[in-house]
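Trainee: Starting off with a structure, shown below.
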Amino acid sequence: MNHFEMRSSERTLSWRITQVGFVSLMCCGIFPHNTQQESSQQCQIIPGSMSLPVLEKKGDITLGGLFSLHDMVEEHSVSYTSAPPPTQCTRFNFRTFRWMQTMIFAIEEINRDGRLLPNITLGYKIYDSCSTPHQALRAAMELMGTEKSSVQSKETCHGNIPAVIGDGGSTQSLVVARFLGVFHMPQVSYFSSCACLSDKKEFPAFLRTMPSDFFQVDALVQLVKHFGWSWVGVIAGDDDYGRGGANIFADKVRTLGACVALHEIIPKNRAPAAVSSIVSKIRSSGARVVLVFAVEQDAAALFDEALREDLTGIQWLASEAWSTAAVLSSPKKYHQILQGSMGFAIRQTHIPGLQDFLLRLNPAGADVPENPFLKPFWEEVFQCSLGLTTNGQEHTDERKPPCSGSEELGNVTNIYSDVSQLRISYNVYKAVYAIAHALHAIRSCVKGDPHCPDPDNIQPWQLLHHIKQVTFVNSFGDEIKFDENGDPAAMYDLVNWQLAANGGMEITTVGTFDEMSGKQELQIQEQNIIWNGNRTKVGTNLKFCWLCACSVSGVACDSSCLGTLVSVQQHLSPRNPESNQTQLSYLLP
C-alpha cells in the first residue's frame, strides 16, 4: 500500500525511464551458456556516452550492486555547446564503503561453500550512486547494458546480471525500482525503508531486507504512547524517506490525542539560514520531545546548528537512518545534546571473519581487483595522496604527502572497520544470500519438469518468482523470507545513547519491537534508560496536558493540572463561528 503521494517530478522521471527501457532493453539468460554467436559478439561503448567507475570481478553469474559511496555530487553549469564534464562525487562515506565490502565478503563466502551453488562462481559489478537519483539511474542502466552496443550489429548488448542489490537511499531506489520493474529485474535493497516501496503495482520487482517505515513509525508511536508524550516536534529530511515517515508519524500521533508541536523540513541544500530557523522554531514551540526523521547527513546539519545556538534539554527521538550512526555518536561535540537520545534500529549480529576481511584491504594486495573506489577511501583514511596510474599517467594530490600503499587499516579507528553495530551490513549480507538461495533452488530443479525454468536460460522474471518464494534459516539462526509486499518481518531494537565511563557514547539496547509478537509488540526496560541530562527517570518537563478548551460560548477548564502556557492553537470555522475553539497547551511544573 502506498502511504503517501509521489511528487510529480518523480512520476515524470518514471515515464521517461519507461520510454528508455522499452526502446533499449531486452531480457536475456542468466546462467552461463556459450554459443558461437555470443563468443563472436564484441561490445563497445556507444560514442558520446561516459561510463561510470565500476568495481567488477567476473563470475559464472554476476550480481549487480548499487551503493552511495559518496554523499554529494558537485553541480556543474551545462552550456549545451560542449559535452558535459564527468560527474564529480564528493564526501566519501566510510559506512557505505563497509556495506559494499560486506557484499563482496558474502559473495566470496558463498563461493567457498561447496553446498550453496556448487560449481557456480558468483561475481559482482558494483557502482557508486553518489546519493543521487540520476546517478543511481545511470548505474542501473549500465548494469542492464543500455549504454553499450554491438560492434557487428545495431542491437544492444546485454550482460548476465540476474539481480541488483541496492540502492541504500529510498529516493534512489524509487527511481531504480521503476526502471528495473519494467523488465521484472529483481532488486533487493538493504536500506530503503520508504513505506511507498511496498506497493507492488508500482514496484513489482522490488524486495528488501530492510523493514518498511510503516512499522518503524508504528514502533515510534507506541513509544510516544507508552511515555504519555502529548506535545511532540517532528523534523524531516526533504526526501522520500524523511517526508514519508514524518507524515505517517504525525498522522498516527494525532490519532492518540497527542499534538504535533511543529513539523519542519530540512532543505536538501541544508542552507544554514533555513536550519537556523528550524532550531529557533523548536525552541519557541516549547517541545521537549522531538523526532528527527532524516538521514544522518541531514540530522548532522540540524545538530550542528543546535550546538551553535545552544539548544539543550531536548529528548531527541531518532529514526532508524541515524539511530546507530557513528558519524553522530562518535564525535564528542555532539555528546552534550544527543546523550539520552532514543530510537529504533534493526537487529544486529556478529559476522565472523568480516572485520579481518575489511582490514585486509590494501592497494598493494595482489588479490584486489582494479578498484576505482579504493583510492578516495585510502586517501581519506590516511590523509595522503595515493598515486595511481591511468592510461600511463600518474595522478597525485600535491597538497597531501604521498601514501606508501603499505599503511595498515588495523592501526586506525574509523567507521569502516567498526563492526560493533552490524545492522545495515547484515542486511546486505542477507540480501546476497537470499539471491543465492533462489539461484540454488533453480539449479536444483529437475530438468524436464514443466514447472521448472531452464537453468541454462533463466529469465529475470523467473528468478524474481524464486526470490519471492525463498525461505531459509541462515547460519545465525534468523529466518529469511519476504511477505507479499517483498518486505521482511519488522523487528527492531530500542536503542538509547548513553555516556560511557571512558567518555565515549555507547548505543545500548533498552527494548525491542516485534510486529509478529501480537499485542505486546513493544517491550521496554525502563530501568535501563538514561535520559537527556543524564537522568535515570523521565522528567516531568517531558509531559504536557491540555488545560482549557475555549469557544465563544464559554470556557471549560480542567483545574487538576496547572502549568506554564507554551502554545495557543486556534481552530476557526468561517461557516459556524459558534464552533470556533482555542486549545491552550500547558507545561507541567
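Going by this note's numbering, the letters in the sequence shown line up with residues 139 to 727, in that order. Every residue gets a Cβ at the ideal spot worked out from N, C-alpha and C, and that includes glycine.
Give the single residue among PRO410, SER613 and ILE373 whose Cα lies nearest to the Cα of ARG446.
Mentor: Nearest C-alpha to ARG446: PRO410.
Trainee: In whole angstroms, what separates the C-alpha of SER269 from that of PHE431?
Mentor: Going from the Cα of SER269 to the Cα of PHE431 covers about 17 Å.
Trainee: Suppose the cutoff is 7 Å on Cβ atoms and the five residues either side in sequence are ignored; what does the same chain contact list for SER697 look like?
Mentor: With a pLDDT of only 39 at SER697, under the threshold of 50, the placement of this residue in the model should not be trusted, and no figure is reported.
Trainee: Tell me ILE403's beta-bridge partners as DSSP assigns them.
Mentor: According to DSSP, which records beta bridges pairwise, ILE403 is partnered with ALA374.
Trainee: Can you name the start and end residues of the beta strand (DSSP E) that GLU617 belongs to?
Mentor: Unbroken beta strand (DSSP E) run through GLU617: 617–619.
Trainee: Would you identify the three-state DSSP class for CYS166, choosing helix, strand or coil?
Mentor: Bear in mind that a pLDDT of 47 at CYS166, under 50, signals an unreliable position, so the model cannot answer this.
Trainee: Distance, Cα to Cα, CYS334 vs GLU340?
Mentor: Going from the Cα of CYS334 to the Cα of GLU340 covers about 9 Å.
Trainee: In the DSSP assignment, the beta strand (DSSP E) including LYS263 goes from what residue to what residue?
Mentor: Segment 260–266, the beta strand (DSSP E) holding LYS263.
Trainee: Using DSSP with H/G/I as helix, E/B as strand and the rest coil, what is ASP728?
Mentor: There is no way to answer for residue 728, as the model of the chain reaches only from 139 to 727.
Trainee: Going by DSSP, name the residue or residues bridged to PHE482.
Mentor: Note: PHE482 sits in a beta bridge opposite LEU632.
Trainee: Since VAL540 sits in a beta bridge, which residues does DSSP pair it with?
Mentor: Looking at the sequence itself, residue 540 is Pro, so the reference to Val does not match. Bridge partners of PRO540: SER523.
Trainee: Quick one, are the C-beta atoms of LEU193 and ASN565 less than 8 Å apart?
Mentor: No. Outside cutoff.
Trainee: From GLY729 to ASP592, what does the alpha carbon distance come to, in whole angstroms?
Mentor: The structure shown has nothing for residue 729, since the chain only spans 139 to 727.
Trainee: Given the structure, does ASN666 come close to the ligand SAH, in the sense that its CB is under 7 Å from one of the ligand's heavy atoms?
Mentor: By its list of ligands, the structure shown contains no ligand whatsoever, and the ligand SAH lies outside what it can speak to.
Trainee: One question on the structure: do GLY306 and TYR328 come within less than 8 Å of each other, judged by their Cβ atoms?
Mentor: Taking 8 Å as the Cβ cut-off, GLY306 and TYR328 qualify as a contacting pair.
Trainee: Quick one: what's got a C-beta closer than 8 Å to PHE441's C-beta in the same chain, skipping five residues either side?
Mentor: Once the five neighbours on either side are set aside, the close Cβ partners of PHE441 are LEU466, TYR472, ILE475 and LEU476.
Trainee: Which residues share a DSSP beta bridge with TRP369?
Mentor: DSSP output for TRP369 lists CYS397 as bridge partner(s).
Trainee: Can you find the residues in the same chain that come closer than 8 Å, C-beta to C-beta, to PRO191, ignoring five residues on each side of it along the sequence?
Mentor: Counting only Cβ-Cβ distances below 8 Å, and skipping sequence neighbours, we find TYR265, ASP266, PRO510 and PHE511.
Trainee: Going residue by residue through the stretch 534–598, where are the continuous alpha helix (DSSP H) segments of at least 4 residues, counting only ones entirely within it?
Mentor: The qualifying runs are 562–581.
Trainee: So the candidates are ILE404, THR450 and SER414; which of them puts its Cα closest to the Cα of GLU434?
Mentor: It is ILE404 whose Cα lies nearest to the Cα of GLU434.
Trainee: Could you spell out the range, first to last residue, of the alpha helix (DSSP H) harbouring PHE235?
Mentor: Run containing PHE235: 232–250, per the alpha helix (DSSP H) assignment.
Trainee: Are the stretch 340–354 and the stretch 318–327 touching, with three or more C-beta to C-beta distances below 8 Å?
Mentor: Contact between the stretch 340–354 and the stretch 318–327 is present, because at least three Cβ pairs lie under 8 Å.
Trainee: Considering only the alpha carbon of each residue, which of ALA301, CYS522 and LEU260 lies closest to LYS606?
Mentor: Here the closest residue by C-alpha is ALA301.
Trainee: Could you check where the beta strand (DSSP E) with GLY203 kicks off and where it finishes?
Mentor: Run containing GLY203: 199–205, per the beta strand (DSSP E) assignment.
Trainee: Are the stretch 215–232 and the stretch 487–504 in contact at 8 Å, needing three or more beta carbon pairs?
Mentor: Taking 8 Å as the limit for Cβ pairs, the verdict is that the stretch 487–504 does not touch the stretch 215–232.
Trainee: Near ALA97, what residues of its chain come up, given a Cβ to Cβ distance below 6 Å and the 5 sequence neighbours on each side ignored?
Mentor: Residue coverage of the chain in this structure runs from 139 to 727, which leaves residue 97 outside it and unanswerable.
Trainee: Can you tell me the Cα-Cα spacing of MET144 and GLY383, whole angstroms?
Mentor: At MET144, the pLDDT of 39 sits below 50, so the modelled position is not reliable; the number obtained from the coordinates is stated separately. Looking at the two C-alpha atoms, the distance is approximately 13 Å.
Trainee: Thinking just about the alpha-carbon of each residue, which of SER544, TRP516, SER479 and ARG581 is nearest to the one in TRP635?
Mentor: For the residues SER544, TRP516, SER479 and ARG581, the minimum Cα distance to TRP635 belongs to SER479.
Trainee: What does the Cβ neighbour count give for ASP377, buried or exposed, with the cut at 16 atoms within 10 Å?
Mentor: By the neighbour-count rule (16 or more Cβ atoms within 10 Å), ASP377 is buried.
Trainee: Could you pull out every residue in the same chain whose Cβ sits closer than 7 Å to the Cβ of ASN623, ignoring the five residues on either side in sequence?
Mentor: Around ASN623: SER336 and LYS338.
Trainee: Is CYS334 helix, strand or coil by DSSP?
Mentor: Three-state DSSP puts CYS334 in a helix.
Trainee: Taking 8 Å as the cut-off, decide whether the C-beta atoms of TRP81 and VAL428 are in contact.
Mentor: Examination of residue 81 is not possible in this model, given that the chain is present from 139 through 727 alone.
Trainee: Grouping DSSP H, G and I as helix and E and B as strand, with all else coil, what is LYS195?
Mentor: Reduced to three states, the DSSP call for LYS195 is strand.
Trainee: With DSSP as the reference, label PRO324 as helix, strand or coil.
Mentor: It is coil, neither helix nor strand.
Trainee: According to DSSP, HIS214 sits in a beta bridge with which residue or residues?
Mentor: HIS214 is not bridged to any residue.
Trainee: Return helix, strand or coil for VAL302, following the three-state DSSP convention.
Mentor: VAL302: strand per DSSP, three-state reduction.
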